[in-house]
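Chains L and R are the protein sequences, given in the same order. First residue of the first sequence: -13, per the numbering used here; consecutive thereafter. First residue of the second sequence: 93, per the numbering used here; consecutive thereafter. Everything below concerns the one structure shown next.
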Amino acid sequence: DTEVTQTPKHLVMGMTNKKSLKCEQHMGHRAMYWYKQKAKKPPELMFVYSYEKLSINESVPSRFSPECPNSSLLNLHLHALQPEDSALYLCASSQVELETQYFGPGTRLLVL
Amino acid sequence: AQSVTQLGSHVSVSEGALVLLRCNYSSSVPPYLFWYVQYPNQGLQLLLKYTSAATLVKGINGFEAEFKKSETSFHLTKPSAHMSDAAEYFCAVKFSGGGNKLTFGTGTQLKVEL
């Protein structure tokens, strides 16, 4: 089973709202990732968690706040977003020792 | 600098024809290489990967790719295109010393025509 699940599938929020994206995997992977993907572009790495610790932050604005409560779960907390933050947000996971990342279906976010 | 290049942002083939999507990387050390496919409004699905074993890699849905060190290439092929192959294809590379980071190519949109 190589399934990564993400909720919600779609999210519409105003610039003053606070919302959260959720990602879950039960493959025993110890690395989890958040990517942002704009239309017709490749995914851009935002954050990497390795063994529940933040290992990479690609200079992402503080209005995006990641959280890894346990080895199976990854959240992305959103606050005071801008319309340009509208995108597909993808979660992925991998074994730390191996290199293959498995992606979830994504959350399509629209900021009004 | 280490980079990934996908030649051709759009490729169009007839149903039943050969599919060839190109990927080149720049690195002196052979990296790990991946092809992902993305259907509209979906996430990325792993097609195949090269991790220093056999140079000809077979993946899902009849796709395969050959790692050529001398050409620093990892082109994706399928002998006979099907309408269901229409999607965006991304080549991705994990460079040596790059940790868990994947570097993606800009993607190739494959169109399959009747």
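Ideal Cβ positions, reconstructed from N, Cα and C, are used throughout, including at glycine.
Asked: Of the listed residues L:Thr(-7), L:Leu67, L:Lys27, L:Val46, nearest to Phe33 (chain L) (C-alpha basis); Found: L:Val46
Asked: Contact set between Gly108 (chain R) and chain L, taken where Cβ atoms lie within less than 7 Å; Found: In chain order: nothing, as chain L lies at least about 27 Å away.
Asked: Proximal chain R residues relative to Gly92 (chain L), where beta-carbon distance stays under 9 Å; Found: Asn133, Gln134, Gly135, Leu136
Asked: Segments of 3+ residues assigned as beta strand (DSSP E) that fall wholly inside the region 4 to 91 of chain L; Found: 4 to 11, 17 to 23, 30 to 36, 39 to 43, 50 to 56, 59 to 65, 73 to 80
Asked: Near-chain R residues of the region 30 to 43 of chain L - C-beta to any C-beta below 8 Å; Found: Leu31, Val34, Ser36, Ser41, Ile42
Asked: Environment of Val121 (chain R) [buried if 16+ CB atoms lie within 10 Å]; Found: exposed
Asked: Chain L residues whose Cβ lies nearer than 7 Å to that of Tyr124 (chain R); Found: Glu85
Asked: Interface residues of chain L facing Lys141 (chain R) [CB-CB closer than 8 Å]; Found: Glu85, Thr86
Asked: Whether Cys109 (chain R) touches Ala184 (chain R) by CB criterion (8 Å); Found: Looking at the sequence itself, residue 109 (chain R) is Ala, so the reference to Cys does not match. Result no, Cβ atoms of Ala109 (chain R) and Ala184 (chain R) do not sit closer than 8 Å.
Asked: Short CB-CB distance (under 8 Å) between Asn153 (chain R) and chain A; Found: Checking the listed chains, one finds no chain A in this structure; the protein chains it contains are L and R.
Asked: Nearest neighbour of Pro29 (chain L), chosen from L:Leu96, L:His65, L:Ala78 [CA to CA]; Found: L:Ala78
Asked: Whole-Å CB distance - Ser165 (chain R) paired with Cys115 (chain R), under 8 Å assumed; Found: 7 Å
Asked: Beta-carbon gap between His142 (chain R) and Phe159 (chain R) smaller than 8 Å; Found: Correcting the residue identity first, residue 142 (chain R) is Tyr in this sequence and not His. Closer than 8 Å, so yes.
Asked: Contacting positions in the region 61 to 83 of chain L - beta carbon closer than 9 Å to chain R; Found: Leu74, Leu76, Cys77, Ala78, Ser80, Val82
Asked: Rounded C-alpha distance that separates His12 (chain L) from Val96 (chain R); Found: 31 Å
Asked: Pairwise C-alpha distance: Gly100 (chain R) and Ser117 (chain R); Found: The identity of residue 117 (chain R) in the sequence shown is Tyr, whereas the question assumes Ser. About 15 Å.
Asked: Proximal residues of chain L, C-beta to C-beta of Gly199 (chain R) below 8 Å; Found: Lys26, Lys27, Pro28
Asked: Presumed contact (8 Å Cβ cut-off) between Leu96 (chain L) and Gln23 (chain L), rounded CB distance; Found: Not really, about 14 Å apart at Cβ, beyond 8 Å.
Asked: 9 Å Cβ cut-off: residues of chain L touching Phe159 (chain R); Found: Ordered by position in chain L, no residue passes the 9 Å Cβ test against Phe159 (chain R), which lies about 14 Å from the chain.
Asked: Under 8 Å from the C-beta of Phe50 (chain L): neighbouring residues of chain R; Found: Residues of chain R passing the Cβ test: none, with the nearest at roughly 18 Å.
Asked: Met(-1) (chain L) in three-state terms, based on DSSP; Found: strand
Asked: CA-to-CA distance, Ser144 (chain R) to Met18 (chain L), given in whole angstroms; Found: 24 Å
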